[in-house]
Structure formats: structure tokens, C-alpha cells
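Trainee: Residue 137 in this note's numbering sits at position 127 of the sequence shown, with consecutive numbering throughout.
Built from N, CA and C at the ideal position, the CB exists for glycine as well.
Predicted, not measured: the structure shown is a model, and the values here were computed from it.
Just passing along the structure, written as C-alpha cells.
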Amino acid sequence: ARAWNGPPEVQRGRKGRTEHGPGIYLTTSYATAAKYAKGGGTVKRVSVDTNLGWLDDVRIPLADTIAFVRDTPRMRKKAEIIADLKRNADRLGVGVVGAYVLRNLAVNYDALVGDVAPAMAAFFVRHGADADVVETSSEGAQEDWLVLFNPAKIVSIDVVDKRASSDARHL
11 ARAWNGPPEV QRGRKGRTEH GPGIYLTTSY ATAAKYAKGG GTVKRVSVDT
61 NLGWLDDVRI PLADTIAFVR DTPRMRKKAE IIADLKRNAD RLGVGVVGAY
111 VLRNLAVNYD ALVGDVAPAM AAFFVRHGAD ADVVETSSEG AQEDWLVLFN
161 PAKIVSIDVV DKRASSDARH L
């Protein structure tokens, strides 16, 4: 983290900074965390409740999803997102869409800018999605990113001592 004061919260979205959706991005890689902390930041070890609702498991009524998109101020590409939601409806059940579909559309249409990102994270939490996991690799090493929509699932946060973790591979 560069500057993290007070309780954890989902920050306003910035273009190019929400490639995996709205949320608090956590990694299992110390090297990746240290890279993001450059410039005066600190590496923090975040412990998360293991009882999480996963984005891929959550189904949301199409009407609720469309209402969220329609009623969220300053969301970009509303008409396109709604049209795509309607095209995706009913694949997982009558009148429902996977929460991941809304996330993917918002990412692809660059709609997670400003207050839209925390609003969407809160929408996911209201429907039972606390987080999503992204498998990725960095510098040849496998790592996981946890995109946490629900800051209430954070159990503890500790600053990691650079000297003790300089050779650590995973947090």
C-alpha cells in the first residue's frame, strides 16, 4: 500500500487500475506487494476470513442487475452493458446472470471509474459475493490475487518488516 490510513475500504476506480474488478487487491507474492509499495509505501500482511462468498458462485436476478447499472450515477456505457446483460441472461437460470458477467462487462467497457467501483463492490456484497481470486504469474512465479469486495472480511492487517521478508517468496 502506498497510503492506507483508517479502516480498509474499496477505493474509487481509476482507469487501468481495476482490471480484475472493483475491490481491494491482495497478493500472495511478497515481490509483487513490494513493487506496489515502492515510493514510500509499506507491505502489509492482510488476514482474511476464510468464509467468503465467491463471485463465480453468485447469481443475481437480471432485473436487479439492470437496475443497478441504470441507477448508478456516471457509469459509462450503460446501454451497452444492459444490452449485454440481457444477452447473457438465462444461461445460468431463468432471469439471472452470474455476478462475474457484470464485473467482466464493467471492466471491458472501462466503466469502473470514480464512485462506480465502490458502488459495484457493495452491490456484489449485498448479493453474497465477498471476493474473487485471480491466478497469475509474476517474474516466472505463480501467485494468486484476491480481489476483496467486502472489507468487513479483513481480520487483521500487519506491517511486514522488510528485513525479515526480503527473501520471502509468498506472504
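(1) Along the chain, where does the alpha helix (DSSP H) that runs through E90 open and close?
(2) Going by beta-carbon coordinates alone, are A43 and V53 separated by less than 8 Å?
(3) So, is A139 buried or exposed, given that buried needs 16 or more other C-beta atoms within 10 angstroms?
(4) Need the endpoints of the alpha helix (DSSP H) that K45 sits in, please.
(5) What does the alpha-carbon distance come out to for the pair M85 and L122?
(6) So which of Y110, E90, K163 has the shortest CA-CA distance to V144?
(7) For Y8, list the residues DSSP reports as bridge partners.
(8) Between the alpha carbons of A89 and D168, how many angstroms are there, rounded?
(9) CB-CB under 6 Å to L156, same chain, minus the five flanking residues each way: which ones, in chain order?
Mentor: Result, derived from the coordinates:
(1) Annotation: the continuous alpha helix (DSSP H) that includes E90 extends over 88-98.
(2) Contact: yes.
(3) Residue environment: A139 is assigned as buried (16 or more neighbouring CB atoms within 10 Å of its CB, all protein chains considered).
(4) DSSP places K45 in the uninterrupted alpha helix (DSSP H) bounded by 40-47.
(5) Distance between M85 and L122, taken at the CA atoms: about 7 Å.
(6) Ranked by Cα distance from V144, the first of Y110, E90, K163 is Y110.
(7) Nothing in the structure corresponds to residue 8, since the chain is present only between 11 and 181.
(8) C-alpha separation (whole angstroms): 43 Å.
(9) Same-chain partners within the cutoff: L36, A141, V143.
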